[in-house]
Amino acid sequence: MVSRRLVTAKLAELDDRVARVQAHRRATAELLRDDRDALDLVGFNLMLAVQSCADVASHIIADEGWRAPSSLSDGFDRLRDHGVIQPSTAQALRRAVGLRNVIAHGYAGVDPEAVHAASTQGLTELDAFAREVARWMATLP
């Protein structure tokens with residue numbers, strides 16, 4: 008059985024990370040590039056927000072006994088396949104895992120344009136994930 012407490016805690020953590028991104032993002036990618044501290048804070052909190060989503064996915068998949076995903080991004084497809092999240096949300100979170108990996112591992116440096124786009128347009132996708140998971144959780148016995 009899925010632990011409501013754990014999922015609720017992870018969704019609260021996601022909400023906190025999104026708020027931190029909003030607090031530190033800049034109006035343009037250029038301004039974000041010029042403020043390295045803000046770039047680091049925004050990137051770090053985006054990375055942890057996506058990780059929170061991946062943690063929720065992993066927990067649900069394990070507790071429901073569904074086939075284990077082969078990667079972090081695959082976990083979102085598993086949630087999609089079982090009706091937990093919408094296809095568009097799964098696709099967006101798959102892309103977000105790519106940015107998370109770049110930030111976490113420093114692959115070829117972090118692109119301020121990508122971080123800025125994620126900190127402005129991408130937050131709605133993180134919010135959609137939280138809403139869809141909460142809606143699914145409400146259907147559980």
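Each number in the numbering used here corresponds to the 1-based position in the sequence shown with 7 added. Glycine included, C-beta positions come from ideal geometry on N, C-alpha and C. Every value quoted in this text rests on a predicted model; they were computed, and no experiment measured them.
- For V57, the CB contacts under 8 Å within the same chain, skipping 5 residues up- and downstream, are L100, A103, V104, L106, R107, L133 in chain order.
- Annotated as distal: N52 and V14, with beta-carbon spacing of 8 Å or more.
- About 28 Å separates the beta carbons of V91 and V49, which is beyond the 8 Å limit, so they are not a contact pair.
- Excluding the 5 residues flanking it on each side, R32 has same chain C-beta neighbours closer than 8 Å at L39, A45, V49, H123, S126, T127, in chain order.
- Along the length of the stretch 33-86, whole alpha helix (DSSP H) runs at least 4 residues long occupy 36-41, 43-71, reported in chain order.
- A Cβ-Cβ contact shorter than 8 Å links D84 with A97.
- If you check the CB distance, S10 and D62 do not come in under 8 Å.
- Within the same chain, G82, R85 come within 6 Å of P76 by CB-CB distance, once the 5 residues on both sides are set aside.
- Of all alpha-carbon atoms in G129, T146, R138, the one lying nearest the alpha-carbon of L18 is that of R138.
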